[in-house]
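So in the numbering used here the end of the sequence shown lands on 187, straight run, no missing numbers.
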Amino acid sequence: MKILFLILTILSGMSALTASSNLKDLGKEEIERMRAEVRIPLEEFIMPDFPILDANHTEVSRSAIEGKYLGVFISASWCGPCKYFARFLKKYTAENQDEFVVIFISLDRSKEAHFEYSQTINNLFFTLPYGHRPKRQLWDLSKKFWLTQTGIPVFIMYDPQGKCLGRKLDEIKEHVQGKRKYLPWVN
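Structure follows, in structure tokens:
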């Protein structure tokens, strides 16, 4: 029985290793195409029993996000690329606050850092309580997002019914830069 278990463990490890190395063998364009198709259910980020907080960490009603497009933003105060993307996301959110909201999920190292960062990134963003789920789970979600490694920022958009629209980092940035419009609520 131990030998069977050992063989299965080795085989499953080899298939995971093969899948990982296969991804690394793909070209950048192919990986980007695959990343564009990533769909992570909203429930993996926001559980129904978790309170939603404003920038001051005061609990708000879930009605504040209902009926709107929702962006889930995993970030941290120590992350330069996160701060860079947050500049665009703040402007996009301010321009579209009637149709769009953001829930910021922190990977900061402390509750205090989470509080300070959530106040600086945007008073329009909502957040979840610090430590609402183990950081390892959040890093695992980032791996689903990036495919080839873990990393932040993570930004995924959902329609008002909770359907995942996918990764929208580039669309948000290019909209704010005036390169192209990205307003999924406009037909």
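No residue lacks a Cβ here, since even glycine has one placed at the ideal position from N, Cα and C.
DSSP three-state assignment for residue i, whether helix, strand or coil
i	result
Val176	helix
Gly166	strand
Phe85	helix
Ser77	coil
Phe115	helix
Glu43	helix
Ser21	Residue confidence for Ser21 is low, a pLDDT of 46 falling below 50, so the modelled location carries little weight; the figure read from the coordinates is stated next. Ser21: helix per DSSP, three-state reduction.
Option nearest residue i by Cα separation, candidates the options
i	options	result
Ile103	Lys111, Phe50, Glu112, Tyr84	Phe50
Lys91	Glu29, Asp54, Ile121, Ile156	Ile121
Lys181	Glu95, Phe115, Lys163	Glu95
Met157	Gly151, Trp185, Gly178, Asp140	Trp185
Glu43	Lys168, Cys164, Lys179	Cys164
Lys168	Asn56, Ile52, Phe73	Phe73
Leu183	Cys79, Thr93, Met47	Thr93
Cys79	Glu66, Glu59, Asp108, Asp140	Asp108
Ile40	Lys179, Gly166, Gln177	Gly166
CB contact flag (residue i, residue j, <8 Å)
i	j	result
Ala64	Ser75	no
Pro129	Cys82	no
Phe126	Asp54	yes
Leu124	Gln97	yes
Phe100	Gly71	yes
Phe88	Ile172	yes
Ser77	Ala113	yes
His175	Phe115	no
Beta-bridge partners of residue i, as assigned by DSSP
i	result
Ile156	Val72, Arg167
Ile105	Ile74
Phe50	For Phe50, which the question treats as bridged, DSSP gives no partner whatsoever.
Val60	Ile52
Thr120	Thr120 pairs with nothing; no bridge assigned.
Phe100	Tyr69
Thr93	Beta-bridge pairing links Thr93 to no other residue.
Whole-angstrom C-beta distance between residue j and residue i, which should lie under 8 Å
i	j	result
Ser118	Ser110	About 12 Å; that fails the 8 Å criterion.
Tyr84	Asp159	Not confirmed; about 26 Å, so no contact.
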